[in-house]
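One structure is given below, encoded as structure tokens.
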Amino acid sequence: MKVDVKYILFAATLSMGLFTSCTSSEEECKLPQSCHGLNMTELPQRWDEAIPLGNGLTGGLLWQKDGKLRLAIDRADLWDLRPVEAFKSPDHTYRFICDQVIHKKDMRPVYALIDDRTANDPAPTKIPAGALEFDIHKLGKVKEVALDLATAVCTILWENGVQARFFIPAEGNGGRFRFVNLPDTLSPELLAPLYQGRVTESDHQPGVNDLAALGYQSGTITSPAPGRLLYRQQAWGDVSYEIGLQWEQPHTGVLEGGYYVTSKGTWYSGDTGRADHLNISFDEALASHQNWWEQYWKQSSVSLPDTLLERQWYLEMYKFGAASRRKAPPICLQAIWTADNGQTPPWRGDFHSDLNTQLSYWAGYTANHLEESAVFTDWLWRIKENSEQFTRQFFQVEGLNVPCIATLTGQPIGGWNPYSHSPTTAGWLSYHFYQQWKYGMDSQFLKERAYPWVKEVARFFENVSVYDKQGKRKLPLSSSPEINDNRIDAWFMNTTNYDLANIRITYTVAKEMAEALGLMDEAAHYARQLDEWPDEAVDESGLLIAPGKPMDESHRHFSHLLSFHPFGLIDVSQGIKATNLILRSIKNVEDLGPDYWTGYTYAWLANMKARVADGNGALRNLHIFMNAFCSPNSFHLNGDQTDNGYSQYTYRPFTLEGNFACAAAIQEMLLQSHTGIIKVFPALPTSWKNVSFRNLRAMGAFLVSASYVNGEVASITVTSEKGGRMRLDNPFTSEITEKVMKSGETIVFGN
């Protein structure tokens, strides 16, 4: 088999211990150590292997291109938002698709309306901002490149003693850099994206176009003063942006500078002037930046005997902190690390809500980063009005659904019609409102955002559904991403388990929310609605895709298993029948093999393994994910980069959801609370004898710390943030311990 030599060398450096082993105490591990970061002996040579920097709004990728040190600049709200003209057609309706599938059995008009134009049109799409370059050929050989996760600073050291430091201030809209010990003068260049011309080298990624296809006129780069460069670019419509760069050489051998990137015409546009961080010294900006990250890392920590897995968790949580911030857009496919290759990003860098956006937020709740997780529900609330308009126009009923493939403003982009126009996308998204509430127990959020949003989704399901001959509700037409691609048989006459899970979780959480608000009549209504839908379709193989349709081939998307994970509507805690159903379902997808899995499939399976207390299985799948599907900088590349048979997909489109699903699986091995009962160390591998974690968050707003020493649980500490009933699967008594806790109260359990 073909072997990727560069990847194997990278993996070998890990196994040979060139990355320092993490052996310090739990107290010292509150902040990441150098062993957790990225440590290289040369600059990355590809954009998707670059050093990632970011603050949610502004992103940067440090790598070497054509012999120059390059910092690709990105801003999360830079989008080409031109409308899809075809979607103004009166045929752009659910009813039209139903008619073509059910009655005419002819998908060609649907393809022409939705699928084909998506393949042909370059926009809507996420777009890059520009880049800085430094001609470093006189500096000689690079000795070390290190990304310190604790401070979010990248340091580059050359053999001749030159040192460069780059960071994107934790708050602001730009970045800073400093070179010291320079043997000669060095000046940065400011470059525009390749909005005109042709890309000579292509990665042949799916769903991409040359940036030139967008039809922009190249912006102007001017020098208003020595040590200053200014680039202004008009994008589509009212959207434009500006990059300002300034630098100076305050002392011999020293170069200091910074840049800002601002936008106009977007939801997130602010002051178009220079960033505040350029008005203070490099050291002052760095100190403020480091303080933010110190507070971020104090939210939680893990200590694992598997140092590679521990490192991966810290890398994922670094990317989460760098990519998701309040007052900025949520994580899209590549977040703030848009492709730096003269092309639009893979799959337009859009908001894919058939799993990608959801998986990107799985880790945040248990990791105790509710502030960063709230970015997702903030955005869903912001697009609510546009989503309701889409629901009225496409589904022709009242209520709330969300375009499965969406732009920054929540407008539909299109794609394979059975899932780009899924009838139940908002159901899965409702679960994120539930998690944001349940992990934090914010009653104001419940009353003003979570319940109103979920209530409208429940109303939509009631309005869009019809009754079958047995008197049960069903969808007129149903789908299960991404089963059967976009063929006509990707639409099902019977409601799929995927759609059914989304509907059932919506009514389940709506009922719980209504009860919490004292709205008992509304809660009773949701209970009645829930009873009107059928149970999940099953057979001897486990959960089916739809009645009469088993999962009978390898597939990347476990959409038919949603009721088990993440929703927990079916759980091993429910007894032998449910446990056997879950185990059969997992065995079936494993028996079908991984030929058409991607990296996120392995990460998702690891979560499922943890849910059934199979720590060894979770560990195995996580190691495959890390070793075969991640770039040296930890980016998830979807395809098997080793060609060792983990997937027939050997391409490398970068997307982030697999990374955060990986972190979530690690946390599922350490702490679970989805049943309302806190379980510590529910899925440890048999080889793990010493494990600990600090301040992981359980549902009910409980912060949990625990240690596992010499193969036994040694201590558990539970702190209640909001007060309420705490239920713990107590390993010291082998019983469920219940305690009504006060706000701020802490209980310690031990032998």
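Going by full-length UniProt numbering, the residue at position 220 of the sequence shown is 220; the numbering climbs one at a time, nothing skipped.
All residues carry an ideal CB built from backbone N, CA and C; glycine is no exception.
Which residue comes first and which comes last in the beta strand (DSSP E) that contains residue i?
i	result
residue 154	153-158
residue 472	Per DSSP, residue 472 belongs to no beta strand (DSSP E) and is neither H nor E.
residue 699	Segment: none, residue 699 is in no beta strand (DSSP E) and carries neither H nor E.
residue 134	130-135
residue 246	240-248
residue 51	51-54
residue 378	Looking at the DSSP string, residue 378 is not in any beta strand (DSSP E); the run it does join, the alpha helix (DSSP H), is 370-382.
residue 188	188-191
residue 724	724-730
For the candidate residues the options, whose alpha-carbon lies nearest to that of residue i?
i	options	result
residue 622	665, 585 and 644	665
residue 83	117, 444 and 506	117
residue 752	490, 630, 612 and 559	The first residue shown for the chain is 1 and the last is 751, placing residue 752 beyond what the model contains.
residue 71	219, 258, 222 and 122	258
residue 255	439, 136, 238 and 93	136
residue 227	212, 216, 244 and 215	244
residue 247	282, 221, 237 and 265	282
residue 742	722, 174 and 729	722
residue 354	307, 364, 369 and 418	418
residue 557	410, 98, 589 and 568	589
residue 199	98, 343, 714 and 112	343
residue 148	40, 234, 161 and 191	40
residue 327	377, 363, 616 and 314	377
residue 539	533, 497 and 288	497
residue 129	260, 112 and 111	260
residue 746	738, 732, 735 and 704	704
residue 522	197, 100, 507 and 534	507
residue 33	212, 190, 505 and 307	307
residue 172	487, 138, 185 and 286	286
residue 455	416, 555 and 525	525
residue 767	212, 221, 250 and 222	The first residue shown for the chain is 1 and the last is 751, placing residue 767 beyond what the model contains.
residue 252	647, 583, 183 and 387	183
Where DSSP assigns a beta bridge to residue i, which residues make up the other side?
i	result
residue 693	302 and 706
residue 498	Beta-bridge pairing links residue 498 to no other residue.
residue 753	Past the boundaries of the shown model lies residue 753; the chain is included only from 1 to 751, so the question cannot be answered.
residue 222	230
residue 412	406
residue 752	Beyond the ends of the chain as shown, which are 1 and 751, falls residue 752; an answer cannot be given.
residue 65	68
residue 164	156 and 179
residue 146	39 and 155
residue 210	343
residue 264	240
residue 386	Partner(s): none; residue 386 has no beta bridge.
residue 351	406
residue 258	176 and 246
residue 671	680
residue 75	58
From the beta carbon of residue i, is the nearest beta carbon of chain D less than 8 Å away?
i	result
residue 715	Considering every chain present, this structure includes no chain D. It has just one protein chain.
Rounded C-beta distance between residue i and residue j? I'm assuming under 8 Å.
i	j	result
residue 605	residue 553	Not confirmed; about 16 Å, so no contact.
residue 322	residue 120	Between residue 120 and residue 322 the Cβ distance is about 34 Å, and since that is not below 8 Å, they are no contact.
residue 337	residue 74	6 Å
residue 680	residue 717	In fact, because the Cβ distance is near 10 Å, the residues do not count as touching under 8 Å.
residue 668	residue 620	Incorrect: roughly 15 Å between the Cβ atoms, too far for contact.
residue 602	residue 624	5 Å
residue 92	residue 169	That belief does not hold up - the Cβ atoms of residue 92 and residue 169 are roughly 43 Å apart, past 8 Å.
residue 396	residue 95	6 Å
residue 333	residue 345	7 Å
residue 598	residue 649	6 Å
residue 53	residue 167	6 Å
residue 504	residue 465	Contact flag wrong, Cβ pair sits at about 12 Å.
residue 757	residue 702	Residue 757 cannot be examined here, being either before or after the span of the chain that is shown, 1 to 751.
Along the chain, where does the alpha helix (DSSP H) that runs through residue i open and close?
i	result
residue 617	615-629
residue 454	451-464
residue 577	576-592
Checklist line | Inter-stretch contact at 8 Å, needing at least 3 Cβ pairs: the region 54-72 / the region 649-666 | finding: In short, these stretches do not touch, since the Cβ pair count stays below three.
Notebook entry, point to check: Does the region 639-649 come within contact of the region 576-592, defined as at least 3 CB pairs closer than 8 Å?
Noted result: Touching, no, given that fewer than three Cβ pairs across the two stretches are closer than 8 Å.
Margin query: Contact between the region 466-473 and the region 87-99 is defined here as three or more beta-carbon pairs at a separation below 8 Å; is this criterion met?
Written below: No, because fewer than three Cβ pairs between the region 466-473 and the region 87-99 fall closer than 8 Å, the two stretches do not touch.
Next item on the list: Please determine if the region 542-550 and the region 474-485 are in contact, where contact requires at least 3 C-beta pairs separated by less than 8 Å.
Entry: The way I'd put it, the region 542-550 does touch the region 474-485; three or more beta-carbon pairs between them come closer than 8 Å.
Next item on the list: For the region 159-166 and the region 176-184, state whether three or more C-beta atom pairs, one from each stretch, are separated by less than 8 Å.
Entry: The region 176-184 and the region 159-166 touch, with three or more beta-carbon pairs separated by less than 8 Å.
Notebook entry, point to check: Would you say the region 41-51 touches the region 308-322, given that touching needs at least three Cβ pairs under 8 Å?
Noted result: Under the Cβ criterion (8 Å, minimum of three pairs), the region 41-51 does not count as touching the region 308-322.
Notebook entry, point to check: Contact between the region 359-377 and the region 399-415: three or more CB pairs below 8 Å?
Noted result: Contact fails: fewer than three Cβ-Cβ distances are below 8 Å.
Next item on the list: Indicate whether the contact test is met: 3 or more Cβ pairs, each with one atom in the region 680-692 and one in the region 294-307, closer than 8 Å.
Entry: By the Cβ criterion, the region 680-692 is in contact with the region 294-307, since at least three pairs of Cβ atoms, one from each stretch, lie closer than 8 Å.
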